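Residue numbers (this note's numbering): 791 to 1129.
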Ligand code: EPU
């Protein structure tokens, strides 16, 4: 299936839900259709394009004066298995949480702690989604996609994906050039459970004991208590990354603010909780018209319905500035800002 539309509203295509139009919009469900389109006049005359997947980590500041390419490749298929593992290929257009649900229902472990993260499967490797002690990169075998520069399909094995905290080759060298078509995951038939983060263990106990279903349910319960439902309130999850600073900077801050949460980040570095820094600057629950900071998690900016991309962006810059003034720490955006 392909669709090509002009003057297309993107409001329902990003979880922030800001009003925004694209000059052109192209949607496809399989790679020959994409290939055909990329060789057509419609694409060749276009100067500016952007690949929009699940839109869960994106903020459009304005209308988009170019072409939006929207991959919507379906399908979830077991492609291989052995005694320990199963390899599943999932189309970039599949809903991430439905994919997690199907893995848990079949007893395949790995991604259960990533339950309820909004967005599509194709976005998962791009920013290496992570939550409650798990990052998706541990369960990715390869990413398949289309390279707009070489005009060829590529299969990028996990070792070449340059995965790091909320980062990958798709957010750096291959940014704007590689269209994810599907992801191959390697999941465990005898899962190891990860309970050591953010109250998961207590919630799992309360639900009756450790198994995949209870972990998924515990994560759902914890997330819904803390993060907005993107179907009701516009947001893109954490707006900033948790900053990584030298151990010396972290211990200096810890002397001034003994309750500052810090986590080891390897090589003499520490990760700070950006939500705590923003909260301490007094932003939690802030609201100005349609734009605000979530009342239970200061790392999340929200659109109460009619905020513009510009207003959200301006608020984020004020927050960044106030955190820098108070703590001397620069926050880096997790959300991709598009103009
Ligand atoms: N905190 C505050 N005030 C706040 C928010 C947080 O004091 O308003 C404190 C918390 O009490 C806790 C610490 O900061 O001591 C960390 O907070 P939390 O456990 O909620 O996690 P986070 O570091 O803020 C990260 C991810 C989330 C993920 C959670 C759970 C990033 C940027 N964010 O948030 O991911 O769900 O851990 O694993 O790494 C996302 O990326 O969109 C996202 C939601």
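Backbone N, C-alpha and C fix where the C-beta goes; we use that ideal spot for every residue, glycine too.
No experiment lies behind these values; they were computed from the predicted model shown.
Who are the near neighbours of residue i in its chain, counting only those whose CB is closer than 7 Å to its CB and skipping five residues on each side?
i: residue 1016; result: 1086 and 1087
i: residue 1029; result: 1089, 1090, 1091, 1106, 1123, 1124 and 1125
i: residue 993; result: 1008, 1011 and 1012
i: residue 863; result: 819, 820, 881, 882, 883, 971 and 972
i: residue 1127; result: 849, 851 and 1103
Hey, how far is the Cα of residue i from the Cα of residue j?
i: residue 979; j: residue 945; result: 25 Å
i: residue 1103; j: residue 1119; result: 19 Å
i: residue 1011; j: residue 829; result: 47 Å
i: residue 1006; j: residue 984; result: 11 Å
i: residue 968; j: residue 1099; result: 25 Å
i: residue 869; j: residue 839; result: 33 Å
i: residue 988; j: residue 1095; result: 30 Å
i: residue 836; j: residue 929; result: 37 Å
i: residue 952; j: residue 794; result: 33 Å
i: residue 1040; j: residue 1034; result: 9 Å
i: residue 890; j: residue 878; result: 11 Å
i: residue 999; j: residue 892; result: 20 Å
i: residue 1079; j: residue 846; result: 22 Å
i: residue 902; j: residue 966; result: 29 Å
i: residue 781; j: residue 956; result: In the structure as shown, the chain starts at 791 and stops at 1129, and residue 781 therefore has no counterpart that could be examined.
i: residue 933; j: residue 803; result: 23 Å
i: residue 896; j: residue 1003; result: 10 Å
i: residue 865; j: residue 910; result: 12 Å
i: residue 858; j: residue 1075; result: 34 Å
i: residue 995; j: residue 976; result: 27 Å
i: residue 841; j: residue 861; result: 8 Å
i: residue 885; j: residue 898; result: 17 Å
When the Cα of residue i is compared with those of the options, which residue comes out closest?
i: residue 1071; options: 1117, 941 and 890; result: 1117
i: residue 923; options: 1074, 1053 and 1046; result: 1053
i: residue 915; options: 821, 959, 939 and 905; result: 959
i: residue 1065; options: 876, 1038, 1031 and 1082; result: 1031
i: residue 981; options: 894, 815, 1106 and 858; result: 894
i: residue 1113; options: 1060, 1043 and 799; result: 1043
i: residue 1056; options: 830, 954 and 831; result: 954
i: residue 876; options: 963, 931 and 913; result: 931
i: residue 856; options: 874, 810 and 862; result: 810
i: residue 973; options: 880, 837 and 861; result: 880
i: residue 798; options: 813, 912 and 884; result: 813
i: residue 1047; options: 1061, 1033 and 1067; result: 1067
i: residue 874; options: 900, 1082 and 936; result: 900
i: residue 796; options: 854, 834 and 825; result: 854
i: residue 936; options: 1077, 824 and 995; result: 824
Is it right to say residue i is buried, meaning 16 or more other beta carbons lie within 10 angstroms of its own, or is it exposed?
i: residue 805; result: buried
i: residue 1014; result: exposed
i: residue 1038; result: exposed
i: residue 949; result: exposed
i: residue 926; result: buried
i: residue 917; result: buried
i: residue 962; result: exposed
i: residue 1150; result: With the chain covering only 791 through 1129, there is no way to say anything about residue 1150.
i: residue 832; result: exposed
i: residue 908; result: buried
i: residue 867; result: exposed
i: residue 986; result: exposed
i: residue 822; result: exposed
i: residue 942; result: exposed
i: residue 1077; result: exposed
i: residue 1027; result: buried
i: residue 817; result: buried
i: residue 826; result: exposed
Go through its chain and collect everything with a Cβ distance to residue i's Cβ below 6 Å, but skip five positions before and after it.
i: residue 1023; result: 1092
i: residue 1129; result: 851 and 852
i: residue 905; result: 890, 1006, 1009 and 1010
i: residue 1058; result: 1037
i: residue 1020; result: 805 and 908
i: residue 791; result: 819
i: residue 990; result: 922 and 1008
i: residue 844; result: 909, 910 and 913
Please return the same chain residues whose Cβ sits closer than 8 Å to the Cβ of residue i, not counting the five positions on each side in sequence.
i: residue 808; result: 801, 849, 850, 1024, 1093, 1097, 1098, 1099 and 1102
i: residue 1110; result: 1030, 1120 and 1121
i: residue 887; result: 905, 906, 907 and 908
- Task: Within the region 801-830, note down every full alpha helix (DSSP H) run reaching 4 residues or more, in order along the chain.
- Result: 821-828
- Item | Segments assigned alpha helix (DSSP H), at least 4 residues, entirely inside the region 973-997 | 990-996
- Query: What are the start and end residues of each continuous beta strand (DSSP E) run of 3 or more residues lying completely inside the region 897-943, in chain order?
  - Reply: 930-937
- Task: For the region 1055-1087, list the beta strand (DSSP E) runs that are entirely contained and at least 3 residues long, ordered along the chain.
- Result: 1059-1062 and 1081-1083
- Task: Return the chain-ordered ranges of every beta strand (DSSP E) run that is complete within the region 994-1020 and spans a minimum of 3 residues.
- Result: none
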